[in-house]
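K.L.:
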Amino acid sequence: MSETAPIWVLTDDRAGNVGQCLGVAEALGLPFEVKDIRYGRLGGLPNLLRGASLTGITASSAAALVAPWPRVVIAAGRRTAPVARWIKRRSGAMLVQIMDPGPGGRAEFDIIAVPGHDECRLTGGYVLPITGAPHRVTPAKLAQAAEMWAPRFAHLPRPWVAVIVGGATRRRPFTPAMAAELGRRAGDLAGGGSLLVTTSRRTGAESEQALLAAIPQPSFIHRWGAAGDNPYFGFLALADALVVTGDSVSMACEACASPAPVYLFAPDGWVVAKHARLHAQLYALGLARPLNAGTRLERWSHPPLNAAADIAAAIRARLAC
75 MSETAPIWVL TDDRAGNVGQ CLGVAEALGL PFEVKDIRYG RLGGLPNLLR GASLTGITAS
135 SAAALVAPWP RVVIAAGRRT APVARWIKRR SGAMLVQIMD PGPGGRAEFD IIAVPGHDEC
195 RLTGGYVLPI TGAPHRVTPA KLAQAAEMWA PRFAHLPRPW VAVIVGGATR RRPFTPAMAA
255 ELGRRAGDLA GGGSLLVTTS RRTGAESEQA LLAAIPQPSF IHRWGAAGDN PYFGFLALAD
315 ALVVTGDSVS MACEACASPA PVYLFAPDGW VVAKHARLHA QLYALGLARP LNAGTRLERW
375 SHPPLNAAAD IAAAIRARLA C
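Numbering (my numbering), first residue to last: 75 to 395.
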C-alpha cells in the first residue's frame, strides 16, 4: 500500500464512537477522510451473519467505499467491523478497531484497542490495552478555549468548579433528588467560589431544575440546547476543579485530559458495572477522586489522560515496519 494512500475513519450514528475515532485520527497527525456509515433494516444483524461485507448499510454509504483504497481504517464499535473487514479484503489496509469488534474476524484486525473497564479477555499481539476512551481533547484545543472563555468568567470569584452533567441512561434514572444532591455537593466543594455548570440532553427538565435550584450563586449556567457558544472546552481549560457525573465514559476521560482535579459524582448503585470499573481505575491511577458528601477541594494535579495518543503511537509503529 502506497504511503500516499488515504486514511479512512468510519463514522456512524453513535456520537461517542465517532469522537473516539476522530480523536485517534487527529492524534495520528496525518490527513484522513471520514466515511459516514448509515444502516438499513439489516444493520442490526449479528456480525457473524454479516461477515466481511456491506450487508446492512445503505446504498449511499456503500457507494462512497471505492478506490483509491486506504492504507489505514480506523473504526469503533461492533457495527462497523464487517465494513472494515470488507475494505481490508479489497485493499490490504491496516485495520484499527477501538473496542472489541465481537466474534468472527477478530484476526483480520491489526490493532484492537481494548479499554480496561470493558473486562475484555482478548489476548495476542494485535490487542492494545488502554485506560478509558480516546477523545479529541488536546492541550492545543484547551489553550485556544482558555483564551476565548477567560474573559467571560473573569467576573466570577474563584475557585471555579465546573459541573459537567450527564443524566439518565437506559438502565439508570437521574432523579431530581440526585440532581439536587449533586448541586449541594458541588457547591460545598467550591466553598465560596463559583460553579460553571453545563447540562446535557439526558439530564431531563425536572432534574435540571432541581440541580439549578440547589447550586449557590454566583454561577455560570449553560443549559442543554441553549443558543450561543458551548463552554464545554472552556470549562475543561479553565476550571480549578471539575465535577463530572459518572454515567459517561467519554465525559470522565475528557475531564481527565485537563490537569485540574477531577471529582466523579456516582452515588452507590447508580452506575453500571463497567462505569464503576472505569471509576476504580481512574481513582487507582490518581486521575480522579469520588465526590462524596463533605468532600473538600484539594489542590492536586495529574498527567493528562488520552488513549488516542497511545493508539496513534501504535499505528505509527506498525506503519514504520
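We put the CB at the ideal spot given by N, CA and C, even for glycine.
Can you give me the C-alpha to C-alpha distance between residue 299 and residue 79, rounded to a whole angstrom?
P.N.:
Going from the Cα of residue 299 to the Cα of residue 79 covers about 40 angstroms.
K.L.:
By alpha-carbon positions, which one of 335, 194, 340 and 312 ends up nearest to residue 248?
P.N.:
The candidate whose alpha carbon is nearest that of residue 248 is 340.
K.L.:
So, with DSSP's three-state summary, where would you put residue 289?
P.N.:
Correct three-state label for residue 289: coil.
K.L.:
With which residues is residue 168 paired in a DSSP beta bridge?
P.N.:
146.
K.L.:
How would you write the range of the beta strand (DSSP E) that residue 185 sits in, first residue to last?
P.N.:
Residue 185 -> beta strand (DSSP E) spans 185 to 189.
K.L.:
In the DSSP assignment, the alpha helix (DSSP H) including residue 324 goes from what residue to what residue?
P.N.:
It spans 323 to 329 - the alpha helix (DSSP H) in which residue 324 sits, taken as one unbroken run.
K.L.:
Please confirm whether residue 186 and residue 175 have their CB atoms less than 8 angstroms apart.
P.N.:
Yes; because the gap between Cβ atoms is below 8 angstroms, this pair is in contact.
K.L.:
Distance check for residue 318 and residue 361, CA to CA, integer angstroms please.
P.N.:
Distance between the alpha carbons of residue 361 and residue 318: 13 angstroms.
K.L.:
Report yes if the C-beta distance between residue 100 and residue 210 is below 8 angstroms; otherwise report no.
P.N.:
Contact flag set, yes.
K.L.:
Would you decide whether residue 134 is buried or exposed? Buried here means 16 or more other CB atoms lie within 10 Å of its CB.
P.N.:
By the 10 Å Cβ count, residue 134 comes out exposed.
K.L.:
Smallest Cα separation from residue 168: which of 276, 151, 141 and 200?
P.N.:
If we check each option's Cα against that of residue 168, 200 comes out closest.
K.L.:
Comparing alpha-carbon positions, which option in 228, 132 and 107 lies nearest residue 149?
P.N.:
The candidate whose alpha carbon is nearest that of residue 149 is 107.
K.L.:
Here's the rule I'm using: 16 or more other beta-carbon atoms within 10 Å means buried, otherwise exposed. How should residue 86 be labelled?
P.N.:
It counts as buried.
K.L.:
Just to confirm, are residue 94 and residue 208 a CB contact at a threshold of 8 angstroms?
P.N.:
Against a cut-off of 8 angstroms, the Cβ pair of residue 208 and residue 94 comes out as a contact.
K.L.:
Over the uninterrupted alpha helix (DSSP H) stretch that includes residue 310, give me the two end residues.
P.N.:
That run of the alpha helix (DSSP H) goes 306 to 312.
K.L.:
With DSSP collapsed to three states, give me the class of residue 111.
P.N.:
In the structure shown, residue 111 sits in coil (DSSP, three-state: anything other than H, G, I, E or B).
K.L.:
Taking DSSP as the reference, what is the three-state secondary structure of residue 216?
P.N.:
In the structure shown, residue 216 sits in a helix (DSSP, three-state: H, G or I).
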